[in-house]
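Numbering (the working numbering), first residue to last: 17 to 396.
For every residue, glycine included, the Cβ atom is placed at its ideal position computed from N, Cα and C.
Okay, so here's the structure we're looking at.
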Amino acid sequence: MKNRTFKKLGIETSVFGMGCMRLPLKESGKPEDIDEPEAIKMIRYAIDKGVTYIDTAYPYHGGKSESVVGKALKDGYREKVKLATKSPVWLVKEYDDFEKYLDEQLERLQTDYVDFYLLHAMSQERWEKMKELNAIGFLKEMKEKGKIKYCGFSFHDNYDTFKTILDYHDWDMCQIQLNFYDQEYQAGVKGLKYAASKDIPVIIMEPLRGGSLADVPSQDIIDLWNSAKTKRNPVEWAFSWLYNFEEVNVILSGVSTMDQLKENIEIFEKAEPNILDEFQLDLVNQVRDLYMEKIKVKCTGCDYCNDCTQKVAISMIFDLYNKAHMYGDKEKYAKQYNNSLVKNQQDVSQCIECGICESLCPQNIPIIQELKKVHAYFTE
Ligand SMILES: NC(=O)c1ccc[n+]([C@@H]2O[C@H](COP(=O)([O-])OP(=O)(O)OC[C@H]3O[C@@H](n4cnc5c(N)ncnc54)[C@H](OP(=O)(O)O)[C@@H]3O)[C@@H](O)[C@H]2O)c1
Ligand code: SF4
Ligand code: SF4
């Protein structure tokens with residue numbers, strides 16, 4: 017397992033970070049129904065293979081991810097890793113709430129402290145609220161009490177907001193969304209370089225854009241990848257593009273099966289910086305341009321919008337829409353939409369336009385408007 021150093025903190029972790037937002041599920045397929053034995057087996061397998069960074073958060077899997085991670089880290093595994101989780105800042109109404117949620121998380125995680133505690137999914141709006149509630153004071157207090165070792169934030173907004181937050185405090189680390197498709201989106205490569213220039217370690221999330229860069233691509237994309245002398249599958253290309261940056265400390269990989277985990281750990285055996293030449297970097301950009309044409313809605317399938325009272329299957333609907341364009345097969349995906357989602361009353365016609373989903377979406381997708389577009393496309 018390849019490791020990298022957090023120079024600022026004087027610690028080392030594996031480049032591969034185990035993301036616990038997309039753990040294996042039971043047959044129901046509901047996010048809260050984690051297949052616990054399998055998930056625990058996978059987390060422990062990763063640690064046995066040298067993975068030393070584990071990432072979870074309060075809301076993942078309807079609140080169950082932290083408890084499963086806590087169970088997986090029993091029997092001596094906790095001591096082998098750096099554990100990261102995040103403050104559910106949208107639930108915090110007053111200063112004391114911060115510690116209330118942290119205590120609940122420590123209980124779920126069955127530990128006395130977390131190594132990295134992040135303010136979850138910062139945007140300009142959330143950051144303003146954090147300043148009002150003295151979040152930095154809270155983080156300092158928790159460090160003094162020994163409940164957290166290091167503090168940071170995860171981020172989903174534009175570069176200027178990222179820079180503002182980064183410049184406000186001497187952070188121990190930060191976490192950004194980055195993959196070759198999103199090079200100039202949110203914090204982007206510019207944000208990665210800026211954080212590194214300040215010596216702030218960077219953790220990467222959504223390296224495969226929530227899996228969309230891992231799906232079998234259309235033939236023109238396959239042909240482009242195959243034109244490279246060094247053969248890699250799409251998953252390896254996406255990870256290589258990221259670990260090629262020496263500024264990247266950890267890449268969080270979300271995996272929903274043991275096979276994916278094994279494959280990704282093997283890919284990360286090659287996680288050295290500066291391995292891609294100019295031709296390869298140019299090829300990645302050509303592939304990105306093709307994806308840009310085909311991905312119509314920038315949904316990453318994170319399911320943060322999962323709380324829809326009308327049970328509209330938002331991420332699934334966007335996935336079908338994007339796939340219809342990726343593979344140029346409207347009929348096939350319209351059939352899935354009409355036969356499955358419409359039949360189960362999970363389609364767009366159920367939407368009452370309450371807007372709750374839009375307030376939760378880290379990609380700032382105008383969900384209501386986009387859903388209407390998809391419905392018209394699949395039903396016309
Ligand atoms: N703080 C935040 O705001 C935030 C937001 C997002 C993520 N995160 C963290 O970052 C972690 C990583 O993000 P992510 O889960 O979106 O990672 P990702 O790597 O972009 O996507 C993970 C998905 O990619 C697919 N995949 C992974 N390996 C594969 C392989 N070898 N072959 C085929 N498909 C593969 C799987 O999709 P299928 O399940 O469809 O097979 C998997 O669930 C999360 O788990 C979470 O811990 C944090
Ligand atoms: S706007 Fe529609 S899709 Fe979004 S949460 Fe409300 S009902 Fe659900
Ligand atoms: S619509 Fe937004 S919140 Fe919902 S799954 Fe997609 S990216 Fe996540």
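Checklist entry - Going by other Cβ atoms of all chains shown within 10 Å of its Cβ, with 16 needed for buried, is T246 buried or exposed? => result By the 10 Å Cβ count, T246 comes out exposed.
Item to check | L194 (DSSP reduced to helix, strand or coil) | outcome: coil
Checklist entry - Cβ of S139 versus every heavy atom of ligand 3: is any distance shorter than 7 Å? => result no
Checklist entry - By Cβ distance, which residues of its chain are closer than 6 Å to V84, with the 5 residues on each side in sequence left out? => result I50, E52 and A55
Item to check | Same chain, Cβ closer than 7 Å to K346, five either side skipped, listed in chain order | outcome: A340
Checklist entry - D319: beta carbon under 7 Å from a heavy atom of ligand 3? => result yes
Item to check | chain D within 8 Å of D128, Cβ atoms only | outcome: The displayed structure is made up of one protein chain only, and chain D is not part of it.
Item to check | Residue of K314, V264, Q361 and I219 minimising C-alpha distance to N338 | outcome: K314
Item to check | Check whether R124 and A88 have beta carbons under 8 Å apart | outcome: Contact flag unset, no.
Item to check | N- and C-terminal bounds of the alpha helix (DSSP H) containing L268 | outcome: Run containing L268: none in the alpha helix (DSSP H); it sits in the beta strand (DSSP E), V264 to G270.
Next on the checklist: Could you check if M189 belongs to the surroundings of ligand 1, using beta carbon to heavy atom distance under 7 Å?
Outcome noted: no
Checklist entry - What residue from K102, Q352, C190 and I368 has the CA that sits closest to K327's CA? => result I368
Next on the checklist: Tell me which residues share the same chain as L292 and place their Cβ nearer than 8 Å to its Cβ, disregarding the 5 neighbours each side in the sequence.
Outcome noted: So the qualifying residues of the chain are S256, W257, N260 and V300.
Item to check | E141 versus G66 - alpha carbon distance | outcome: 38 Å
Checklist entry - Apart from the five residues just before and just after K80, which ones in its own chain have a Cβ nearer than 7 Å to its Cβ? => result E48 and I50
Next on the checklist: Am I right that L155 and Y184 are in contact with their C-beta atoms under 8 Å? What's the rounded C-beta distance?
Outcome noted: About 12 Å separates the two Cβ atoms, so there is no contact after all.
Item to check | Extent of the continuous beta strand (DSSP E) to which I219 belongs | outcome: V218 to M221
Item to check | Sub-8 Å separation of T29 and V358 beta-carbons | outcome: no
Next on the checklist: Tell me the residue span of the alpha helix (DSSP H) that contains K179.
Outcome noted: Y175 to Y184
Item to check | Helix, strand or coil at S375 [DSSP, three-state] | outcome: helix
Next on the checklist: Which of the three DSSP states is assigned to G26 in this structure?
Outcome noted: coil
Next on the checklist: Is T316 a contact residue of ligand 1, with contact defined as CB to any heavy atom under 7 Å?
Outcome noted: yes
Next on the checklist: Is E369 close to ligand 2? I mean its beta-carbon at under 7 Å from any heavy atom of the ligand.
Outcome noted: E369: yes, Cβ under 7 Å from ligand 2.
Next on the checklist: Can you tell me whether Q385 sits near ligand 1, meaning its C-beta is under 7 Å from at least one heavy atom of the ligand?
Outcome noted: Of the heavy atoms belonging to ligand 1, none sits nearer than 7 Å to the Cβ of Q385.
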